[in-house]
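All the letters of the sequence shown, read from the start, carry residue numbers 2 to 542 under this note's numbering.
First the structure, in the form of structure tokens, and then the observations on it.
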Amino acid sequence: MKNKSLLIGLLGTGLLGAAGYGLYMLGMNQGMGMAATPLAGAPAATRPAGIPQTLAEGEAATRRHIQSGLKAGDTDPQASRKILYYQDPMMPGQRFDKPAKSPFMDMMLVPVYAQSESDADAGRVVVSPRIQQNLGIRTELVSEGSLVPQIETVGSIAFNERDQVLLQARAAGFVESLAVRATLDRVRKGQVLAELYIPDWVAPQEEFLSLRRMQGTELAPLIDAARQRMRLAGMEAPQIARVESSGQVQTRFAVLAPMDGVVSELMVREGMSVMSGATLFRINGLGTVWAQAEVPESQSAMLRPGIRVRASSPGLPGASFEGRVQAILPEVNPITRTMKARVELNNASGRLVPGMLVQMNFLDNRSAKSLLVPSEAVIQTGQRTVVMLAEDNGRFRSIDVQTGAESAGQTEVKRGLKAGQRVVVSSQFLIDSEASLRGFEARLNVENKPAAAATTHRGEARLEKVGKETVSLIHGPIASLKWPTMTMDFKPPPGGVPPDLRVGDSLSFEFLMTQDGPPQITKMTRIKAATGIPAPAKAKP
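Written out as structure tokens, the structure is:
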């Protein structure tokens, strides 16, 4: 039993050892495979030509630099690029001046090259054809054409407020009969709506008819005066003509519908007494209706009065209605962030009724031509609108553009591009990110722009000390920089300190600010005394 247990233990140990060796070899193979992976620190797809594309290429370049004695600041003759520094791809934050083995990993440092001056000045990124094919980078031409904005939205039908009539009582009276008894009843033009008895109209009618029965031309002015009194009492011309033609007093007067439509307001009932000026009916026509379209605020700039609109409703399958935008209402809904477009639709059939929802399609046929790019080529960063411009020899450059309307996958470009150029429509985010990491955004879209002149600052000082690389001055206030009196170091002028200046002398000087190190003095002149500088302490006896 003991021998059997010992044999089983030895077999288990052997199997574990074999499994461990297998895992070790698998890890070694995967580690060797990493040599074909892109370098860390920047996307491989956007590394400039001449820069190592893989770890193996980077380590090979470092060994070649060691043999050739190259270091940071030298130019690699094979890559034709200046060596900026060396780094460990696993620790890209650490930089080294000389090629060597990495102190962090069991691998060589890899070089990081500078781009060529022409590429750096233009803000270009170079992508090899092999990487372009692997990433599927696609480009499209900047074309010239007419953009047809297509806006689809939903609206609700309402009465056309310009197509309504208000009927009021011309004088005080009584409602004897009512033909329309409910709101939204349809009426036809000339239909009797109600009959009123107005006592105040009886006396003027009898006076007019009495004068008509009398003979004599001298009564003509009196007849005209009686006719005028009927008109002042509120009678309309057709009612006066009816009294004249019948020769009888009309005790009831019919209120007629002046147009086809529906009764939207009914303010009377049979037997009611009405006062002069009281509203009896409000009639709205249905020949045209309004559709209140809710248009997103971002698309409202593409709307204008007069645009053709085609509408349809789920409740009327197969039917379409034509119309035009009548007005863009100057109000934005703070909740939905939409604007209302008032559209007047033809409704000769009367099938569209208030409250109905319709789907509207705005058809804006613009004749003016503009530059168009695919919408997927535009990068919105929040502060800038950018497209990646594809140039010759695998070079790409970020361009700031000003965009306009967008429709059907096309975006209008108002500034920044020319017809015939090519823009990137896929993987442009990788290229733009690499350009930003390399500090190109400060030079985007700048061509032949002169450098800004450095500001020269002036002041007075006393020479405190002269060193090998700097001079120490006690200077007075510098108004241009809002500096108070202080002691600080400066770089001496290019020709050195003038020979007539000694420690303790007063002087006037001019200097420029530098990005690194002390300010650079450009001019020093000896003067009798400097103002705003405390006198030197006297030595104790």
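Beta carbons are placed, not taken as given, at the ideal position from N, Cα and C, and that holds for glycine.
{"Query": "3 or more residues per run - each beta strand (DSSP E) lying fully within the segment 262-309", "Result": "262-267, 280-285, 289-297"}
{"Query": "I84 beta carbon less than 8 angstroms from that of W114", "Result": "Here residue 114 turns out to be Tyr, not Trp, going by the sequence shown. Contact: yes."}
{"Query": "According to DSSP, residues forming a beta bridge with N362", "Result": "E153, R311"}
{"Query": "Local conformation of Q249 per DSSP, three classes", "Result": "coil"}
{"Query": "Cβ-based burial, Q381 [other Cβ within 10 Å; buried from 16]", "Result": "exposed"}
{"Query": "3 or more residues per run - each beta strand (DSSP E) lying fully within the segment 487-533", "Result": "487-491, 507-513, 521-528"}
{"Query": "Buried/exposed call for D75, threshold 16 Cβ in 10 Å", "Result": "exposed"}
{"Query": "Neighbourhood of M357 by C-beta, 8 angstroms cutoff - its chain only, sequence neighbours within 5 removed", "Result": "S157, I158, S314, G316"}
{"Query": "Minimum C-alpha distance to V426 - residue among S376, I400, A420, A312", "Result": "S376"}
{"Query": "Inter-stretch contact at 8 angstroms, needing at least 3 Cβ pairs: the segment 243-255 / the segment 193-205", "Result": "yes"}
{"Query": "Between the CA atoms of F175 and S274 - distance to the nearest angstrom", "Result": "4 angstroms"}
{"Query": "Nonlocal neighbours in the same chain, by C-beta distance under 7 angstroms from A349, ignoring five residues either side", "Result": "G288"}
{"Query": "Of the listed residues Q206, E511, G383, nearest to T523 (C-alpha basis)", "Result": "E511"}
{"Query": "Inter-residue Cα distance where the pair is L167 and I284", "Result": "7 angstroms"}
{"Query": "Cβ-based neighbour list, G417, same chain, cut-off 8 angstroms, excluding 5 preceding and 5 following", "Result": "V388, I400, D401, V402, Q403, N446"}
{"Query": "C-alpha gap between D89 and A73, whole angstroms", "Result": "14 angstroms"}
{"Query": "For T184, three-class secondary structure by DSSP", "Result": "coil"}
{"Query": "Which of helix, strand or coil DSSP assigns to G137", "Result": "coil"}
{"Query": "Contact set for T140: own chain, Cβ-Cβ below 6 angstroms, skip 5 residues either direction", "Result": "A391, R423, V425"}
{"Query": "Paired residues, beta bridge with M92 - DSSP", "Result": "D89"}
{"Query": "Per-residue DSSP class, three states only, for P535", "Result": "coil"}
{"Query": "Member of M487, V472, G421, P500 whose CA lies at the smallest distance from the CA of L142", "Result": "G421"}
{"Query": "Secondary structure of S144, DSSP reduced to three states", "Result": "strand"}
{"Query": "Buried or exposed by the 16-neighbour rule on C-beta atoms within 10 Å, applied to P205", "Result": "buried"}
{"Query": "Residue from E345, T337, P494 with nearest C-alpha to V472", "Result": "P494"}
{"Query": "Own chain, CB closer than 6 angstroms to I199, minus 5 neighbours either side, in chain order", "Result": "A172, G174"}
{"Query": "Beta-carbon gap between V354 and Q327 smaller than 8 angstroms", "Result": "no"}
{"Query": "Bridge-paired residues (DSSP) for A462", "Result": "H476, L508"}
{"Query": "is_contact[K415, chain B] using C-beta, thresh 8 angstroms", "Result": "Here there is only one protein chain, and chain B is not present."}
{"Query": "Given R338 as reference, the closest of L346, V296, N362, V379 once Cα atoms are compared", "Result": "V296"}
{"Query": "Residues near E298 by beta carbon distance below 8 angstroms, same chain, minus five either side", "Result": "V333, R338, T339, M340"}
{"Query": "Same chain, Cβ closer than 8 angstroms to K102, neighbours up to 5 away in sequence not counted", "Result": "M108, M109, L110"}
{"Query": "Paired residues, beta bridge with E630 - DSSP", "Result": "Since the first and last residues shown for the chain are 2 and 542, residue 630 lies out of range."}
{"Query": "Neighbourhood of G460 by C-beta, 7 angstroms cutoff - its chain only, sequence neighbours within 5 removed", "Result": "H476, G477, I479, F510"}
{"Query": "Distance CB(S265)-CB(T184) smaller than 8 angstroms", "Result": "yes"}
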